[in-house]
Each structure stands twice: as C-alpha cells, then as structure tokens.
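The sequence shown lines up with residues 61 to 527 when you count with the working numbering.
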Amino acid sequence: MLSTGLVAIDATILATAVNAIVGDLGGFTQFPWLFSVYLLGQAVAVPIYGKIADLVGRKKVMLFGVGMFVLGSILCGSAWNMTALIAFRAIQGLGAGAVQPIGMTIIGDIYTVAERAKVQGYLAGVWAAASVIGPTLGGFFADYAGWRWIFWINIPLGAAAAIVLIRRFHENVTPTRHRIDYAGAGLLAIGSALLVLALLEGGTRWRWVSWESGLVLGGAAVALLAAVIVERRAAEPILPGWVLGERTQGPANLAALLVGVVLISLTTYIPLYGQSALRTSALVAGLALAALTMGWPVAAANAGRLYLRIGFRATALVGALVVTAGSASLLLLTATSSIWQVAASCFVTGIGLGLLAPSTMVALQSAVPWERRGVATGANMFARSLGSALGAAMAGALANAALAVPVGSTGIQPGMFTPEQISTAARTVFLGTTVAAAIAIGAVLLMPRGGAGKSERTTPEASPGRR
C-alpha cells in the first residue's frame, strides 16, 4: 500500500510545478520529456521486472525498484538544468517500473478474485489520499518552498515503504536459473525512444516533413520490427506472443495503453491550462487536477463489486464510455471558463478511468496461472506506461502545433502566449484524448463476454505479514 502511495503521489506532484521548473531551468518545448522519459524508462523496465519477479520472487525486485526510485529522486532534486533533470527522471522511471506492477502482482498472488474486490477498495483509498496530496503538495512547493522538494519528499516515503516491505511481506520462492531477453528489451527501448523523439521534436527542432523526421521514424520502425523478430525466437521473451494474442490479454493491454495516453495528457496539460489560460495559482490548478485523480479511486473502490456482478467486459465498457464523455466535455473549455468546470470534467473522466483500468487488469490476471501472472501484469503495466510516454509526446506535439512554435526556437516560456492561445492548445490536446478514449471503447468490445468467475490461489507461499 505504501509503495503504491509512493508512485501515486509521484504521478501527480510534478505536473503542478512545471511552470516553476521551466521558469527556473528554461526549456518550455522540452518539458514533455520530463514525463515521457520517466514513463519510457518505466515502460521498458516493467516487463523485465515482471519476468524476474516470476523467477526469483517479488520482494527482491520491489526493494530494488524502491531504491532506484529514491536515488533518481535525489538526483532530480539536485538537477542544474533541464537536460540533467530529464536524464535523472529516466533513472527515477527505471525504479518506478518495479514498484507499481510488482505491487499489483503481489495482490494477484495473495488474494482470490473475490478478495481482490475488497483490496481494490483499499488501494482506492491510497489513490484517493495521494490524488489530493500530490497536486496540492506540488502546487504548495512550487508556490512557497521550491520545486526541488517535489522530488526530495520521496526520500522519507521510499525509506518507509522499504522498511514496511522488509518487515511485513515474506515469501518462499526457490531461485530459478533464467535467461533475460536483453536483446528484445534493448530493441524495444530503442524503438520506443525513437518514436517518442519523433513526436516531441517533430515540428519544433525540425520540420515534420524533413530528412530528420524520416530518419528517426525509420529507425523506430526498424528497431520495433527487429524487437518482434527477436521476441519470437527468444527462449524466454520479455513480451511473449500470448500477451497480445490471447482474447483477454490483447484487448486489455490495448485498453491499458489508451488509458496511459488519456491520463498523462490530462495530467500534463490541465495544470498548464489552469495556470497559463485561467491565471490560477499552481495550488488551485493542482486542486483541479486532483479532481481527476480523485475520481479514479472513487470508481475503483466500487469496480470490484461491479465486475463481480456484471463481468469484466461490461464494467470496462461503462468506464470507457464515461472516459470518452468526460474528455469530450473538456473541449467546451475556453480562456474564461471556471476552474470548477475544469474540475468537474476531470472528475467524470477520472470516474471512467477508475472503472476501466482495474477491471481490465484483474481480467487478464484471472485468465493466467501464477507462473504467468507476473509477465501478464508486467505487460499490462508496460502497455500503460508506453501509452503514457507516447501520450506525453503526442500532447506536446499537438500543443506545439496549435501554438505554432517556430521550428528550432529556444527560450520559449508559457508567458509568451495569450490565455486564448493556451486555451486553444489545451483543447487540441483534449481532442486527442477524446479520440484515444473512443478507440478504447473498441478495444473493450473485443474482450470476451462473461463474468468474473472464482479463482484459486496457485502460488508459492506468500503472506503480507507472516512466515
């Protein structure tokens, strides 16, 4: 729970401090990299951690991830320019890639489907608290204490999470000799990074129709194609074919990718819209974003009971429809809208995400045995993280295009644009999230019908508090 809270706070605390960071370090056109590189590192690490956790146990992997996350946080708080901060965010992301997915895997190990419904409520409480604390704390630090504290606050939180994990969680796992598919993971990382690079730098550092864009996109295509070939031949692939080919796994993972696109796009641009278009403080903009992250746990607390009654597919479909409606309502915002209107739309969107994400996650966990559950969970978290990385890049590209940022320009600051221009750019981003949510509806419709049946524990001995 504490580890989940660590990641939950970090998911929202940075967004409200973007203006302060850009004002101190510069790099307005670069700031989406703060989200993309973190999420890309997380995305690439997730399937590796998931595979290792299935072979050597969950606890060691979780502790390593917490340590890496805290190290990255210390370095981020000490960054001297935007380039250094981006590099240190990558380290932080590599640590975060273990924390949340391994935590979800542990829950899948310890509890049956029916019991997980109750645990979803507990996790929802953690996210509810973090959803208020994160944006509010980020806004407070940005306005009063300095943005560096949004990273340094992770030091005591990470230490507490590690201590609780060491004392409370025990498992008996026989170490297994294993082969990690480093070639596949490396090619996947290179391909994803080049794709993000093309989206973020196209139209800003170079023109979309240029040899630079062609070279980067071509490199991404080659690397990703090579990754597919390597994965098919690997003895122990990082992402086995069944995580995309099976009827539950494929659609659920596509839905997770689109959840990532919607969530990070709104997390990134709602605070910017509030501060630069509506002229609110960072603290108030953070509270508007908190409505999004509060809606998620409110719905997630009830998602378990709902999918036990009507099934995973139906619950996820309701969630996808609500996400689409909430995102579409953001298209009505202008430079004179009320911050409460923003918060209301965000809350509705969060409700939808809170129904969609957990129901697809538990659906795919319930469809596989223990020895595959870490890989299945890791693949789902990878899809969401990759979607977030691509979503941040997509949102940055859409916003820069709407603002007509000159190619190759430097020193751009949010204050250089009028509230109307920022509002138009934000609506362009919200249009992108609405399209992503609509595609998620189609993904959910591809899932098999049926309810959430009973599931037996098929795990090695694992306990949250006893040997």
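Every residue gets a Cβ at the ideal spot worked out from N, C-alpha and C, and that includes glycine.
Put simply, of F407, A423, R432 and A253 the residue whose alpha carbon is nearest the alpha carbon of G355 is F407. The secondary-structure analysis by DSSP pairs G262 across a beta bridge with W266.
The three-state reading of DSSP puts G101 in helix, counting H, G and I together. Between the stretch 340-355 and the stretch 389-408 there are three or more C-beta pairs closer than 8 angstroms, enough to call the two in contact. For I167, the number of other beta carbons within 10 angstroms of its own is at least 16, and it is reported as buried. Around the C-beta of G274, fewer than 16 other C-beta atoms lie within 10 Å, and the residue is accordingly described as exposed. In this structure, N214 and F91 do not form a Cβ contact; the two beta carbons are roughly 20 angstroms apart against a cut-off of 8 angstroms. The DSSP-derived three-state label of A427 is coil. Assignment of D203 by DSSP, reduced to helix, strand and coil, places it in the helix class.
Sixteen is the threshold: since fewer than 16 other Cβ atoms of the shown chains lie within 10 Å of the Cβ of A464, the residue is exposed. In the same chain as L343, and ignoring 5 residues on each side of it, the C-beta atoms closer than 7 angstroms to its own belong to T196, G199, F200 and D203, in chain order. The C-beta separation of A103 from S252 comes to about 7 angstroms, placing the pair in contact by the 8 angstroms criterion.
Setting aside the 5 residues that flank it on each side, L317 is surrounded in the same chain by A443, R444, L446 and G447, each with a C-beta closer than 7 angstroms to its C-beta; the list follows chain order. Membership of I81 in the alpha helix (DSSP H) is indicated by the continuous run V78 to L85. In this structure the stretch 260-270 does not lie against the stretch 151-162, because fewer than three pairs of beta carbons, one per stretch, are closer than 8 angstroms.
For the 7 angstroms CB-CB criterion, T420 and S483 do not form a contact. Take the alpha-carbon of L145 and the one of A77: they are about 13 angstroms apart. Between M441 and V106, the C-beta gap is smaller than 7 angstroms, which places the two residues in contact.
One thing to note: L377 has its Cβ no nearer than 7 angstroms to the Cβ of V495.
DSSP, read as helix, strand or coil, puts R208 in coil.
One alpha carbon belongs to V321, the other to A388, and they sit about 15 angstroms apart.
Counting along the chain, L366 sits inside the alpha helix (DSSP H) bounded by residues A342 to I370.
Between P161 and the set G137, L391, T488 and V126, the nearest pair of CA atoms involves V126. In the three-state DSSP reduction, M421 falls in the helix class (H, G or I). The DSSP-derived three-state label of W93 is helix.
Distance between L391 and Y98, taken at the CA atoms: about 28 angstroms. Taking 8 angstroms as the upper bound for CB-CB distance, G110 and V435 are in contact here, some 5 angstroms apart. For G86, the closest C-alpha among the options S96, L259 and A139 is that of A139. V256 is not a Cβ neighbour of G65, given a cutoff of 7 angstroms. Going by C-alpha positions, R432 is about 28 angstroms away from A359.
The shortest C-alpha to C-alpha distance from R365 to any of G137, E175, M507 and G163 is the one to E175. Two segments are said to touch when three or more pairs of C-beta atoms, one from each, lie closer than 8 angstroms; by this definition the stretch 297-317 does not touch the stretch 270-284.
For the 7 angstroms CB-CB criterion, G334 and V382 do not form a contact. Take the alpha-carbon of A461 and the one of F490: they are about 14 angstroms apart.
A distance below 7 angstroms separates the beta carbons of E296 and R239.
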